[in-house]
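Residue numbers (this note's numbering), protein chains in the order written: chain E, 1 to 134; chain Z, 1001 to 1134.
Here a beta-carbon is modelled for each residue, glycine too, at the ideal position from N, C-alpha and C.
There are 2 protein chains.
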Amino acid sequence: MQIGELARTTATKVETIRFYEKIGLLPEPGRTSGNYRDYGAAHLARLSFIRRARDLGFTLDQVRELLTLSDDSSRSCSAVDTVARAHLAQIDQKIADLRALRRELDELIGQCSQGAISDCRIIEALGPSAQNGH
Amino acid sequence: MQIGELARTTATKVETIRFYEKIGLLPEPGRTSGNYRDYGAAHLARLSFIRRARDLGFTLDQVRELLTLSDDSSRSCSAVDTVARAHLAQIDQKIADLRALRRELDELIGQCSQGAISDCRIIEALGPSAQNGH
DNA sequence: CTTGACCCTGTAGTTGCTATAGGGTGCATA
DNA sequence: TATGCACCCTATAGCAACTACAGGGTCAAG
Ligand SMILES: [Zn+2]
Ligand SMILES: [Zn+2]
Ligand SMILES: [Zn+2]
Ligand SMILES: [Zn+2]
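This is the structure:
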């Protein structure tokens, strides 16, 4: 299987596959006589894993860790659980941060009187002496 | 005022201030005889504006736009409102995306039986044949 | 006259790709 | 046989928004 087919199958850009190889996330495949990369089922499986984990928002470092863990099939999966729960906690934190941000911004927009810039509460609130007590 | 004091006053790293200058967000200040940057009240005001907008999650491009708008104090502030509302919509989108992700991940973690890796539903769900119907 | 805190420029690193530039390969067609 | 075209190769630079050096210069105190 050459890189283009692997790319189509996994909905990944060709450059991204080469990038994953370069950073050591995807093992180097064999080469054809014309120096084309030649992938097999194992590569497809590994790349699918990477893509799914990325879709779930894991960082490449976390993906690397999950791959290492999944390669050692004898050990307990509590380490996997730990990685996943840590990621969940990060997502929760991000959501909380964004919600706080949203509240701030919404409040600001609500104060805009649609007049001249010189009277705009949004601009004013962004200014240097804006201490709004939050 | 030299750069270190401006940095402390605005809770900004010195390097970040120089970076804002390099990308044209903060105007070049005058220099002392020893070639040190010398900032005044206008610089402080502008940097405060930038920091506050960044804290609210505006991109540097959006900050640039807001600064341009705020410099022309005669015009209507509806353009400001438009930028702010666009940003709010982006935040809402991000929150929705993160919530969907959170749901997925939470479901996955709930299925982990804490046994061997070979039985782990998390690892399994990340695998190539994982079509979970979402 | 030396120490130390501060400042300067310029460049490279971070994350996770994406997009060129400038070539080579492989197969079908005129 | 020549030529076109889709595909592949490497290497490098770019994106956001900083951050972190390296290798210097400046300035006040002791
Ligand atoms: Zn408020
Ligand atoms: Zn307004
Ligand atoms: Zn599900
Ligand atoms: Zn498990």
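- Its chain contains 38 as the residues whose beta carbon lies nearer than 7 Å to that of residue 30 of chain E, once the 5 sequence neighbours on both sides are disregarded; these appear in chain order.
- When the five nearest sequence neighbours on each side are left out, the beta carbons in the same chain lying within less than 7 Å of the beta carbon of residue 9 of chain E are those of 44, in order along the chain.
- In terms of side-chain proximity, the C-beta atom of residue 1033 of chain Z is found no nearer than 7 Å to any non-hydrogen atom of ligand 2.
- If you check the C-beta of residue 1071 of chain Z against ligand 2, you find no heavy atom less than 7 Å away.
- Contact annotation for residue 1094 of chain Z against chain E: 98 [CB-CB distance below 7 Å, chain order].
- In this structure, E:41 is the residue among E:23, E:33, E:24 and E:41 with its C-alpha nearest to the C-alpha of residue 6 of chain E.
- Between the C-alpha atoms of residue 108 of chain E and residue 49 of chain E there is a straight-line separation of about 43 Å.
- Using a Cβ-Cβ cut-off of 8 Å, residue 1114 of chain Z is close to 76, 77, 78 and 81 of chain E, given in chain order.
- Nearest neighbour of residue 1021 of chain Z by Cα position, chosen from Z:1121, Z:1046 and Z:1011, turns out to be Z:1046.
- Residue 116 of chain E is bridged by DSSP to Z:1076.
- The residue from Z:1087, Z:1072 and Z:1110 with its alpha-carbon nearest to that of residue 102 of chain E is Z:1087.
- When Cβ pairs closer than 8 Å are counted between the two stretches, the stretch 54-64 of chain E is seen not to touch the stretch 73-80 of chain E, the count staying below three.
- Among the residues of chain E, those whose CB is under 8 Å from the CB of residue 1087 of chain Z are 105, following chain order.
- About 5 Å separates the Cβ atoms of residue 80 of chain E and residue 1122 of chain Z, confirming a contact at the 8 Å cut-off.
- As far as DSSP is concerned, residue 8 of chain E takes part in no beta bridge.
- Looking from the CA of residue 2 of chain E, the closest CA among E:34, E:23, E:19 and E:114 belongs to E:34.
- Within 10 angstroms of the beta-carbon of residue 1023 of chain Z lie fewer than 16 other beta-carbons, which makes it exposed.
- Taking the C-beta atoms as reference points, residue 119 of chain E is found nearer than 8 Å to residue 113 of chain E.
- At a cut-off of 8 Å between beta-carbon atoms, residue 102 of chain E makes contact with chain Z.
- The beta carbon of residue 12 of chain E lies closer than 8 Å to those of 6, 47 and 51 in the same chain, with the five residues before and after it left out.
- Setting aside the 5 residues that flank it on each side, residue 70 of chain E is surrounded in the same chain by 49 and 80, each with a C-beta closer than 8 Å to its C-beta; the list follows chain order.
- Between residue 83 of chain E and residue 62 of chain E, the C-beta spacing is below 8 Å.
- Under the DSSP assignment, residue 1032 of chain Z falls outside any alpha helix (DSSP H); it carries neither an H nor an E label.
- Look at the stretch 38-61 of chain E: the residues with a C-beta under 7 Å from a C-beta of chain Z are 44, 45, 48, 49, 52, 53, 56 and 57.
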